[in-house]
Amino acid sequence: MERFGRFVLLEHVAQGGMAEVFRAASFGSAGFAKPLAIKRILPHLAADPQFVRMLVDEAHIASALNHPNIVQVLDLGQENGSFFIAMEFVAGRSLNKVFEAAVARGCSLPLPFVFHVAQHVLAALAHAHGTPDSSGPRLIHRDVSPHNILVSFDGGVKLGDFGIAKLQTHSEHTTGPIKGKPGYMSPEQVTGTSVDHRVDLYALGVVLHELVAMKRLRTGDNPLRTLMDVAKGEYPRFTELGVAIPDDAAEVIYRALAVSPDERWPDARTFGAAVEDVIRRHGWQWSASNVTALMAELCAEEIEQERRTQEHFAGVIRALSTARTQDISGILARHGEKQPERTLVAAKPVVKGAAASSRWRWVAASALVGGAVAVTAFLLPSSVIPPATAVAPRPGTLVVETDPPGARVSLAGKPLARPAPAVVDQLTPGSLEVEARMDGREPARQRVEVRPGEVTTVRLSLAESVVELPVTSEPPGAVILVGGREVGSTPGKVRVVGAAPIDVEMRLPGHQAFTQRVEARSLPASLHAVLTRAPVVPRPEKRAKPRESAPPPAATPAPVVAPPVAAAPATGRLTLQSRPWARIILDGKDTGQFTPTANMEVPAGDHVVELVNDESGLRQSFKVNVPPGGSARVARDLR
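Just so we're aligned: the sequence shown equals residues 56 to 694 in my numbering.
Written out as structure tokens, the structure reads:
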């Protein structure tokens, strides 16, 4: 531990080629209320202008982004001749470590989780990219990869590390040396042609392909070979890999991986809308609690380690909050010696080729990288691992898969927190009934035997349900049409197959048509329509043909007067700032924008502005007048 200006560096957690990262806390008379992550330039590089400029550029770029799905940069400063960035602290794991944890357990990541992650990363990119007609340059991340996507233990998803981000002007594309990770670069980055924000969408397509296939898309020890594979733009389809995924979901990912940028999604917002459509069609609505449950299954040991670490540093914070200045160094020295030991956790190795020797075990040590708890695997001889640290074998593990995926699963009548595919461990060995349900499909049940210390997999197929819906009308005899096709007359029956909604129409001569949409999830016991008579339209009377007469003299045409042009409504511009960030609601309507925002065009006149910080539960309303053709600027502290 060490004092670092107004911060206390509690724990050194990571070091790269340019900077080192610390778990930290702000230091002040009011105590230590919020944890931070401090990124500091390495001492031997502190005087190098090039590295200082890189860190300062990163801070300026990232600090302009204020979005709940982006790791927030809180401060940039210099202390004792060393530049640093203060960042938001995220207790969790990077997405590549979540991927590796699932591989080690021999299970797949659920499709609802994959598309939930995509939804939040695309929201972050949409904010960073801005819009083509927005003022100022657009930002390109250029390093979207699982390593820079953080999944917090409390269910959040955040995009971080804008260290090599680039600003793109409206008039020209960004070109320059290759930067980023080879496996996630786009073909245009590799070939040296012009690039724009769509390189980030391609990179996210690679990430999604890997999460669905549970396999790296491009691997190899030769970076040049990897770059050549990227330039070709070839990749395996999920059907070739034997991976089950709905066609519409696969097509969303395939379009992001198109070789030509013009064939990809045009922007992050359009890509995000397509992802949301897939989520809605398949009922994959996930919340933070679902992500928390998944992280608890995959990272139980790391979560417990983080809990113990936070308890230890909470004691340090309490001691420092009431200490005198001259006592601070002594407190840091005493507590630094009592830091909680990192627990060595035995993990199942993923070994290619011959089996690993039994005298070696794979061990994972938890660390904090860029604000997220990461896990580094290494080999140690069995003799150096104390017997007390060995993890007892779990009684039994059950993997539940359904066809199609996404069904609601119950074990012995108790529903699981997340849909299939699901992994449940710590099960008592014995017989267990598994049930799966999905709207528009018949429930499926199967009794399985959970064996001690083994992984049991069960796959349930849910057939489409077929329901005959009685259809009647008053008066009877109406023609029944489904989707525009005649299927009978009233009284009759209509077959409702699966979960897809259908439009049922009834027609009877002399009556107004009746149409109603029905679907399996809210199917009525019967469908009855009271047909009202169509209004009688009187025929126009025939008039006698007038006698032909000489044409009247030509009249002087009246001058054409142009209709008055309505004046365009007057507008003005509104600039809003707040601490902390807030969602902007204007006149009761959510604008979809966050503070800070500059020169937002609004109608001139009086408006009611409401700023809402959902994270902290802060909310403030006020009135503002925007003059015609002018601007208004408001800054508020919500705390």
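Yeah, the Cβ is synthetic: ideal placement off N, Cα and C, and Gly gets one too.
Contact holds between the region 198-217 and the region 120-127, because three or more Cβ pairs, one in each stretch, are under 8 Å apart. Classified as buried, G461 has 16 or more neighbouring CB atoms from the shown chains inside 10 Å of its CB. Secondary structure of G660 (DSSP, three-state): strand. Put simply, of L164, L524 and S249 the residue whose alpha carbon is nearest the alpha carbon of R572 is L524. Between V489 and G161, the alpha-carbon positions lie close to 20 Å from each other.
Look at F293 here: in three-state DSSP terms it is helix. Rounded to the nearest whole angstrom, the C-alpha separation of V254 and T545 is 57 Å. L296 sits exposed, since fewer than 16 C-beta atoms from the chains shown fall within 10 Å of its C-beta. With a threshold of 16 other beta carbon atoms within 10 Å, D284 meets it and is buried.
Restricting attention to G247, D251, L259 and A183, the CA atom closest to the CA of I204 is found in L259. The beta carbons of L693 and R634 sit about 7 Å from each other, so the pair counts as a contact at 8 Å. DSSP, read as helix, strand or coil, puts L256 in helix.
Assignment of beta-bridge partners to F170 by DSSP yields no partner. Residue nearest to A157 within the set A268, S249, V107 and A74 is A268 (criterion: CA-CA distance). Per DSSP, the beta-bridge partners of F62 are F59 and S81. Sixteen is the threshold: since fewer than 16 other Cβ atoms of the shown chains lie within 10 Å of the Cβ of D209, the residue is exposed. Note on geometry: alpha-carbon atoms of R319 and L256 lie some 8 Å from one another. Judged by DSSP in its simplified three-state form, E357 adopts helix. Taking L578 as the centre and dropping the five residues before and after it, the same chain places the C-beta of V522, L524 and V551 closer than 8 Å to its C-beta, in chain order. In this structure, the straight-line span from the alpha carbon of D302 to that of G185 is close to 30 Å.
Taking N668 as the centre and dropping the five residues before and after it, the same chain places the C-beta of P635, W636, A637 and L693 closer than 7 Å to its C-beta, in chain order. Taking A472 as reference, the option from P556, P165, K548 and R588 with the minimal CA-CA separation is P165.
Beta-bridge analysis with DSSP links D692 to R634.
Contact check between the region 525-539 and the region 562-571: three or more CB pairs, one atom from each, fall below 8 Å, which counts as touching. Counting other Cβ atoms within 10 Å of its Cβ, H115 stays below 16 and is therefore classed as exposed. Note on the region 129-179: whole beta strand (DSSP E) runs with a minimum of 3 residues are 137-143 and 147-149, in chain order. Leaving aside the five residues that flank W339 on each side, the residues in its chain whose CB is nearer than 7 Å to its CB run, in chain order, L166, P167, F170 and G461. For H202, there is no enclosing alpha helix (DSSP H), since its DSSP letter is neither H nor E.
D303 sits in a helix when the DSSP states are folded into three classes.
At a Cβ-Cβ threshold of 8 Å, S137 and R95 count as neighbours. Straight-line spacing of the CA atoms in R540 and A568 works out to 14 Å. Taking C-alpha positions only, V371 is separated from T364 by approximately 11 Å. Going by DSSP, V478 is part of the beta strand (DSSP E) stretching over A477 to V479. Taking the CA atoms as reference points, L91 sits about 35 Å from A311.
Taking one beta carbon from each stretch, the region 451-471 and the region 481-496 have 3 or more pairs nearer than 8 Å; the two touch.
Annotation for Q127: no alpha helix (DSSP H) segment contains it, and DSSP assigns it neither H nor E.
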